[in-house]
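Numbering (the numbering used here), first residue to last: 2 to 185.
Glycine included, C-beta positions come from ideal geometry on N, C-alpha and C.
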Ligand SMILES: CC(C)(COP(=O)(O)OP(=O)(O)OC[C@H]1O[C@@H](n2cnc3c(N)ncnc32)[C@H](O)[C@@H]1OP(=O)(O)O)[C@@H](O)C(=O)NCCC(=O)NCCS
């Protein structure tokens, strides 16, 4: 299905964070946060700086002809007060199916910044694609990520499309609930 999603995400800000479409010039300023082994307890690690750089170059290049039905947004996350690189956001659109991932360096955990980044990204996605159905896949042991999703309007489901890119067998799958789904 051809996508009408803007090909690059927008820049923006929340109370404590700034977000910018990921660019090659950002990579050196994100290395300290994102080559942190603690970040990769439940997701595939970047082994070293060259593999991290190669990964970033590939996501900045975008889906191209390999995945013509997809649009990718990648954002760098900066702390507004210090200007330091905090982490990054990933968004994959296949029409109105939208998949997200978020990674923050461990120095920035447990301060509500993961939730802040997640809320900003959901708002951006809903502005771009008002009828988006937003998904996240999570390792069953990744409790911080699961708590963050539940706290921000997502619910776990066993009914999900086969086309989720980040799904690994056994993952828990979360979908942003519509107001009418919200549990009381
Ligand atoms: C998942 C991840 C993004 C969560 O980030 P985070 O910034 O620590 O998340 P939050 O701060 O919003 O929530 C974490 C804790 O901070 C607490 N918190 C929330 N707002 C807060 C605030 N304003 N002040 C202090 N603490 C706060 C929350 O209650 C929560 O506590 P709990 O885990 O004991 O319930 C982060 O752990 C991470 O990057 N992990 C590695 C990558 C990864 O696994 N990504 C997910 C892939 S699916």
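- Here residue 170 is exposed. Its C-beta has fewer than 16 other C-beta atoms within 10 Å.
- Shown here for residue 152: same chain residues with a beta carbon closer than 7 Å to its own, the five before and five after excluded, namely 116 in chain order.
- Taking the Cβ of residue 139 as the reference point, at least one heavy atom of ligand 1 falls within a distance shorter than 7 Å.
- Between the stretch 50-59 and the stretch 22-30, the count of C-beta pairs closer than 8 Å reaches three or more; the two stretches touch.
- Taking C-alpha positions only, residue 154 is separated from residue 137 by approximately 12 Å.
- Sequence-distant Cβ neighbours of residue 39 in its own chain, meaning closer than 7 Å and more than five residues away, are 107.
- Taking the Cα positions, residue 36 is about 30 Å away from residue 127.
- Per DSSP, reduced to three states, the secondary structure at residue 109 is helical.
- In the structure shown, residue 6 falls within a coil segment according to DSSP collapsed to helix, strand and coil.
- By the neighbour-count definition (other C-beta atoms within 10 Å, threshold 16), residue 71 is a buried residue.
- Not one heavy atom of ligand 1 sits closer than 7 Å to the Cβ of residue 180.
- Residues 10, 11 and 13 of the same chain have their beta carbon placed closer than 7 Å to that of residue 125, with the five preceding and five following residues left out of the count.
- As computed with DSSP, residue 22 is found in a beta bridge with 76.
- Each of 157, 180, 179 and 178 was checked against the Cα of residue 172, and the nearest Cα belongs to 157.
- The criterion of a C-beta distance shorter than 8 Å is satisfied by residue 118 and residue 18.
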